[in-house]
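Visitor: Below: one structure in structure tokens.
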Amino acid sequence: MSDDRVTFKEKYNSRGITWQEKAVLISLYHIAMCVKYPTWNLNDTSQHFGVSVGLVSENIRLAKAIDSNNLKVIKSKTREDALKLINRRHYVSERKEFTLYRDEE
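Here the sequence shown is numbered in my numbering, starting from 167 and rising by one per residue.
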């Protein structure tokens with residue numbers, strides 16, 4: 167019987183994987199390792215995949231948007247376009263909070 171299992175790293179580096187799949191893959195790996203090893207952190211995940219901590223962080227943010235069924239993010243052609251949407255939404259959210267806080271004074 168052949169072993170058809172593929173590691174997270176092999177899947178991440180395989181051809182034809184979408185940016186959405188990469189984001190979810192890194193996020194799932196990071197979560198699983200944090201559960202297994204309580205001291206696991208973003209740096210450990212970045213070293214495993216051979217990518218920057220910033221890329222891991224961005225992929226986790228993208229995976230959260232995908233998990234929340236944000237269709238605009240999911241349907242984005244590139245991860246850069248998806249990040250722009252997330253960053254814009256975060257900026258608007260922060261401005262609303264600031265405006266609400268100022269109105270309470």
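Idealized CB from N, CA, C, for every residue including glycine.
Being a predicted model, the structure only gives us computed values, none of them experimental.
Does the Cβ of Gln186 have 16 or more other Cβ atoms within 10 Å, making it buried, or fewer, making it exposed?
Guide: Taking the sequence shown and counting its residues from 1, one reaches residue 186 at position 20. Buried: at least 16 other Cβ atoms inside 10 Å.
Visitor: Hey, how far is the Cα of Ile192 from the Cα of Val201?
Guide: The sequence position of residue 192 within the sequence shown is 26, counting from 1. The sequence position of residue 201 within the sequence shown is 35, counting from 1. Roughly 14 Å between the two C-alpha positions.
Visitor: For Met167, count neighbouring C-beta atoms within 10 Å of its own C-beta (all shown protein chains included) and say buried if the count is 16 or more, exposed if not.
Guide: Here the question's residue 167 lines up with position 1 in the sequence shown. Any reading at Met167 must be qualified, since the residue scores a pLDDT of 42, below 50, and its modelled position is unreliable; the value itself is stated next. The residue in question, Met167, is exposed, as its Cβ has fewer than 16 Cβ neighbours within 10 Å.
Visitor: Between the segment 237-255 and the segment 205-217, do at least 3 Cβ pairs fall closer than 8 Å?
Guide: These segments do not touch.
Visitor: Looking at Ala229: is its Cβ nearer than 9 Å to the Cβ of Leu251?
Guide: Working through the sequence shown from its first residue, we reach residue 229 at position 63. Working through the sequence shown from its first residue, we reach residue 251 at position 85. No. Outside cutoff.
Visitor: Using only the alpha-carbon positions, how far apart do Val219 and Ile197 sit?
Guide: As a position in the sequence shown, residue 219 is number 53, starting the count at 1. As a position in the sequence shown, residue 197 is number 31, starting the count at 1. Near 15 Å, if we compare the C-alpha coordinates of Ile197 and Val219.
Visitor: Rounded to whole angstroms, what is the Cα-Cα separation between Gly216 and Val239?
Guide: Residue 216 sits at position 50 when you count from the first residue of the sequence shown. Residue 239 sits at position 73 when you count from the first residue of the sequence shown. Cα to Cα, Gly216 sits roughly 25 Å from Val239.
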